[in-house]
Structure formats: C-alpha cells, structure tokens
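Asks: First the structure, which I've put down as structure tokens, then a few questions once you've had a look.
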Amino acid sequence: MPKLLVGSSLALLAACANTVPQDRSTGPDGKLKGAVPVALEEGEGKTHGIVTYPGGDRVDWKKIELPKDQRGRLDLEMTYSTPRPGLKVTFDVFDQWQTPVKLAALGRGHTKSMSIDRARGTYFVRVYAPKRGDAGTYKLKADFQPEETQGPWNPHDLNIADPPRLPEVPAPPPTSCPQYDASNPVCQTVCAPGSPANLKVCLPPEPPPPPPKPVEPEKVLPPAYGRVMKQEVGPDGSTIVTLSVGADNGVTKDWKGTLQLGEKDSPLSNGKLTIIRVNKRTTTAKVELQPDVVSKNPNVVFKPK
C-alpha cells in the first residue's frame, strides 16, 4: 500500500474525490486476511498509516493478538489529522470470528476511542475513511490490562458461624373437628356439629360460572422474504439499502426486518433494519453495518410486530 502521500499530496487526493474505486491503490492490508499485526509489549502497542477514499486506499486492517489464556480490558484510541477541515477518519472492531464487536468508535474532534471489557483472543481493527472525499493520517494505540487472577478456593478459609438455637418443639396441631371450636383451625374447613350457619363450608355450593365465549384465533401474517437490490452509505455512516419487498407483500412501516446470515434463515448479528419508507414493491431501510458485510449477506426477512 502506498504510504508516501503526505502534506500537499494528501490534500490534492482529498480534493479530487470523484469515481476512483476505493481499493484501487490499496495493498494487502486493504483486506482482512492481510491485516498488519500490532505487537503488544507490556500490554501496549502502536501503529500508524494513511487512508484516503479519493486516493483509492480507503481501508487499513490491523490485527491484535492478546496474550494466550488471558482476559481483560482492551482500550483502543486513534488520533488523526486531515488535509482540510471537515474530513474524517474512524475505525470499528471485529472479533476472531469476524463478528462486529462495536460498529463505530466514539469521540469528538480528531480522537476516536473504544473499550472492550472481558476481551480475549484476537481482534481485527478496520481503520477507514467513511465518505467520498475523506482522507487523513492516523495513529492507533492499543492498551490491554489483564484481569487479576485468584488462587484456588480453600474451604478451610471460610468462617461460618454456628447455627441459631432451635425453640422447643410445639405440640402437634389438631387433625379433626368432632365439635365446632373456633380455636381449632380444622373446624374452619369442615361443617362440624355446632358450626355457625354462615360458615363458608356449611353454605350450599355456588352455581358454576357460564362457559366462556370461544375466542377466534388471531390472524397471523406470514413473513416476507426479499433481497438487497441497492445500497449506499448514509450521511451518518450507516448503510441505506433498497429491498425487493414492499406493501404488495404486506410490509408496513411498523414491521421488523433483519438481514440473514449468508443463505441461512438465521438473523445476522447487528443486522436489524430500520424502515425509512415502504413503497408498493420496494422498501427503503438503514442498517448499522458496512456495505461489504451487507453485500455478503443480502437476504432479508420482514415480520409483523
């Protein structure tokens, strides 16, 4: 990947945002399998680089391997500079199974950060220019703090108090009521000789309630299946998609939609769709996933709430 674009060269590329393919000039680290390792020394690691959408080098992938058999907190912080105001650089993180951990880093100005609790294994960081025209140089810092481990549990270290003294065992309660006695609880459950006339168990049984009216089963609408026909990056960094189902399939704006994992009928992690508009045969929605993830998982299922 060309990394010699600095100063006026980077500004020129950012000013010429047109239809240059975003990966025209990228190197092996433009793909996840070519991610550059970030070595951790005493829990800290650093890396830097340049991303430029108009220069055809939009994405840099980094790989962070945490110490084996350790779990802890992984803090990521990125600072960046751009050739002119208004441009941005950001990053997101995926685990070793390529599942998004958090979709976007947080921060103001030219600093972005993200923290992952109970982190372990391997993580992939994708640094990218989010929109056409975006470009900048960046520095990424990783800080891993492992959790403190405890020694084996020793039951002899427990300090358990003696149990409280038990009260004297009371006399057993009566089990029958040959003659009504208000102090005998059994006499409240049987109509014994001498019982009051208004005692509940001595009253005639109440007539049974009328049978309930049959309830018609609620009509359940079937789900609607479709595919992504078109996608584009939205102004907030989300992906706007046009789907091949609409009002003719029963879809309304209060339905729930989810991208499916590959060809399987199972929801994709973070693939929830937010419906923007429902037309007769198509639906427009947005999803908090990057376009390359959407392209690999174009199937969608809509279901009524």
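Here the sequence shown stands for residues 106 to 410, numbered as in my numbering. Note that CB positions come from ideal geometry on N, CA and C, so glycine has one too.
Run the CB neighbour count on GLN127, radius 10 Å, all protein chains shown included, and call it buried at 16 or more, exposed below.
Replies: Burial call: buried.
Asks: From what residue to what residue does the beta strand (DSSP E) around LYS385 run?
Replies: Premise fails: LYS385 is in no beta strand (DSSP E) and is neither H nor E.
Asks: Scan the stretch 140 to 228 and note each continuous beta strand (DSSP E) run of 3 residues or more that stays entirely inside, going in chain order.
Replies: Runs found: 149 to 157, 164 to 170, 177 to 186, 195 to 200, 205 to 207 and 216 to 224.
Asks: Please classify ASN264: does DSSP put it in a helix, a strand, or coil?
Replies: Coil.
Asks: Would you report the Cα separation of GLY135 and ARG163, rounded to the nearest angstrom?
Replies: For GLY135 and ARG163, the distance between alpha carbons rounds to 8 Å.
Asks: I'd like the span of the beta strand (DSSP E) that includes PRO251, first residue to last.
Replies: 240 to 251 is the extent of the beta strand (DSSP E) around PRO251.
Asks: In angstroms, rounded to a whole number, what distance separates the CA positions of THR280 and VAL291?
Replies: When rounded, the distance between both Cα atoms is 7 Å.
Asks: Let me check understanding here. Comparing Cα to Cα, which of LEU137, TYR233 and SER400 lies closest to GLY342?
Replies: The candidate whose alpha carbon is nearest that of GLY342 is TYR233.
Asks: Starting from LEU137, follow its DSSP beta bridges and name the residues at the other end.
Replies: For LEU137, which the question treats as bridged, DSSP gives no partner whatsoever.
Asks: With LYS410 as the anchor, note down where its alpha helix (DSSP H) starts and where it stops.
Replies: Run containing LYS410: none; DSSP gives neither H nor E here.
Asks: When the distance is taken between beta carbons, is ALA276 closer than 8 Å to GLN284?
Replies: No. Outside cutoff.
Asks: Looking at PRO328: is its Cβ nearer than 8 Å to the Cβ of VAL406?
Replies: Taking 8 Å as the Cβ cut-off, PRO328 and VAL406 qualify as a contacting pair.
Asks: Going by DSSP, what residues sit across from VAL232 in a beta bridge?
Replies: DSSP output for VAL232 lists ASP165 and PHE196 as bridge partner(s).
Asks: When you compare the CB positions of GLY139 and TRP166, do they come within less than 8 Å of one another, or not?
Replies: Yes, the pair counts as a contact, with Cβ atoms nearer than the cut-off.
Asks: Could you work out which residue in ARG386, PHE199 and ARG237 is closest to PRO340 when comparing CA atoms only?
Replies: Ranking ARG386, PHE199 and ARG237 by Cα distance to PRO340 puts ARG237 first.
Asks: To the nearest angstrom, how far is it from the Cα of PRO319 to the Cα of LYS361?
Replies: Distance between the alpha carbons of PRO319 and LYS361 is about 31 Å.
Asks: Leaving out five residues before and five after GLU337 in sequence, what residues of the same chain have Cβ atoms less than 6 Å from its Cβ?
Replies: Excluding positions up to five away in sequence, the list reads ILE345.
Asks: Any chance you could list the alpha helix (DSSP H) runs of at least 4 consecutive residues sitting entirely within the stretch 272 to 300, in chain order?
Replies: Those alpha helix (DSSP H) runs which fall completely within the stretch 272 to 300 and span 4+ residues do not exist here.
Asks: Taking 6 Å as the limit between beta carbons, can you name the residues of its chain near GLN250, skipping five residues before and five after?
Replies: Here the set comprises GLY177 and ARG178.
Asks: Suppose the cutoff is 7 Å on Cβ atoms and the five residues either side in sequence are ignored; what does the same chain contact list for LYS324 look like?
Replies: There are no such residues.
Asks: Of the choices ARG231, ALA209, ALA144 and VAL399, whose alpha-carbon is the least far from that of GLU368?
Replies: Taking only the C-alpha atoms, the option nearest GLU368 is VAL399.
Asks: Taking only the alpha-carbon atoms, compute the straight-line gap between GLY331 and TRP202 and give it to the nearest angstrom.
Replies: Between GLY331 and TRP202, the C-alpha separation is close to 26 Å.
Asks: Please classify CYS307 as buried or exposed, where buried requires at least 16 other C-beta atoms within 10 Å of its C-beta.
Replies: Exposed.
Asks: Pick out whichever of ARG223, VAL274, HIS261 and ALA144 has its Cα sitting closest to the Cα of GLU170.
Replies: The residue with the shortest Cα to Cα distance from GLU170 is ALA144.
Asks: Can you tell me the Cα-Cα spacing of LYS377 and THR152, whole angstroms?
Replies: Between LYS377 and THR152, the C-alpha separation is close to 33 Å.
Asks: On the CB-based measure, 16 or more other CB atoms within 10 Å of its CB, does ARG353 come out buried or exposed?
Replies: The residue asked about is misnamed: residue 353 is Asp in this sequence, not Arg. Looking at its Cβ environment, which holds fewer than 16 other Cβ atoms inside 10 Å, ASP353 is exposed.
Asks: Less than 7 Å between C-beta atoms, sequence neighbours within five positions excluded: which residues of the same chain meet that for LYS207?
Replies: So the qualifying residues of the chain are ASP197, VAL198 and MET219.
Asks: In three-state DSSP terms, what is SER374?
Replies: Of the three classes helix, strand and coil, the one that applies to SER374 here is strand, per DSSP.
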